[in-house]
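Heads up, the sequence shown is in the numbering used here, so the first residue is 37 and it goes up one at a time.
Glycine included, C-beta positions come from ideal geometry on N, C-alpha and C.
Because the structure is a prediction, the values reported are computed rather than measured.
Below is one structure, written out as structure tokens, with a few remarks after it.
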Amino acid sequence: MRVFGLAGWSGSGKTTLVVKLIPELRRRGISVSTVKHAHHEFDVDQPGKDSYEHRRAGASEVLVASANRFALMREHRGAPEPALEALLVRLAPVDLVLVEGFKRDRHDKLEVYRASVGKPLLAADDPHIVAVASDGPVAGLRVPLLALDDIGAVASFVMAHARLAGAA
37 MRVFGLAGWS GSGKTTLVVK LIPELRRRGI SVSTVKHAHH EFDVDQPGKD
87 SYEHRRAGAS EVLVASANRF ALMREHRGAP EPALEALLVR LAPVDLVLVE
137 GFKRDRHDKL EVYRASVGKP LLAADDPHIV AVASDGPVAG LRVPLLALDD
187 IGAVASFVMA HARLAGAA
């Protein structure tokens, strides 16, 4: 499995780009999974659901399954947040795993940058950022600049960087 990240400040458009990249990569014959870093208090479970009650009662893991999908929830219960590598080994094999967030981790990343967010460019201090996708010009880059709205070009860059051939 190849791993490629999308990093950037909140509001920069990481999720929007990932959601547009996935179907473009799939159209090109690339199987894709994602890992998304979330806020500390996120929850996919809801009060009143049986799975929620299982976790609240103290279950370490709860796996909810149906004919269409399954979801595994693991409670850290004071343990440290798992490293990206520990999460990646839980995924079924695919051609490419897109990692959203985990901006401080040491994997190759595309920075999603919008000057209007008012935050500094991550690429200036992160040697693992291999390109920047932006909605405008960015001066002084040491890496390629891609147009944020050119999904085809972004997909081509990701595939080339990850050495994925895909379908013609």
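**OP:** Would you kindly report the start and end of the unbroken beta strand (DSSP E) that includes R199?
**Re:** Along the sequence shown, read from residue 1 onward, the residue named residue 199 stands at position 163. R199 -> no beta strand (DSSP E), and no H or E assigned at all.
Subject >> Alpha-carbon to alpha-carbon, E77 and D86 >> reply: Mapped onto the sequence shown, residue 86 falls at position 50. Mapped onto the sequence shown, residue 77 falls at position 41. Rounded to the nearest angstrom, the two C-alpha atoms are 20 Å apart.
Original post:
Pairing CB atoms from the segment 129-137 with CB atoms from the segment 37-51, are three or more of them under 8 Å?
Top reply: Verdict: yes, contact present.
**OP:** Indicate the three-state DSSP secondary structure (helix, strand or coil) for S102 in the structure shown.
**Re:** Within the sequence shown, the letter at position 66 stands for residue 102. DSSP places S102 in coil when its eight states are reduced to three.
Original post:
Does the beta-carbon distance from G65 to G202 come in below 8 Å?
Top reply: Here the question's residue 65 lines up with position 29 in the sequence shown. Here the question's residue 202 lines up with position 166 in the sequence shown. Their beta carbons are under 8 Å apart, which means G65 touches G202 by this criterion.
**OP:** Evaluate the contact criterion for the segment 151-167 versus the segment 103-110: three or more CB pairs, one atom per stretch, below 8 Å.
**Re:** The segment 151-167 is not in contact with the segment 103-110.
Subject >> Straight-line Cα distance separating P163 from R38 >> reply: Mapped onto the sequence shown, residue 38 falls at position 2. Mapped onto the sequence shown, residue 163 falls at position 127. A straight-line Cα-Cα distance of about 18 Å links R38 and P163.
Subject >> Limits of the unbroken alpha helix (DSSP H) element including I58 >> reply: In the sequence shown, residue 58 corresponds to position 22, counting from 1. Taken as a continuous stretch (DSSP letters only), the alpha helix (DSSP H) holding I58 covers 50-63.
Original post:
Any idea if S48 is buried or exposed, counting beta-carbon neighbours within 10 angstroms, 16 or more meaning buried?
Top reply: Residue mapping note: residue 48 aligns to position 12 of the sequence shown, counting from 1. The C-beta of S48 has 16 or more other C-beta atoms within 10 Å across all chains shown, which makes the residue buried.
Original post:
Is the segment 114-131 in contact with the segment 92-103, if contact means three or more CB pairs nearer than 8 Å?
Top reply: Contact between the segment 114-131 and the segment 92-103 is absent: fewer than three C-beta pairs spanning the two stretches fall below 8 Å.
Subject >> According to DSSP, residues forming a beta bridge with Y149 >> reply: Locating residue 149 in the sequence shown gives position 113, counting from the first residue. Paired residue(s): S170.
Original post:
Do V68 and L146 have their C-beta atoms within less than 8 Å of each other?
Top reply: In the sequence shown, the residue the question calls residue 68 occupies position 32. In the sequence shown, the residue the question calls residue 146 occupies position 110. Not in contact: V68 and L146 (Cβ atoms no closer than 8 Å).
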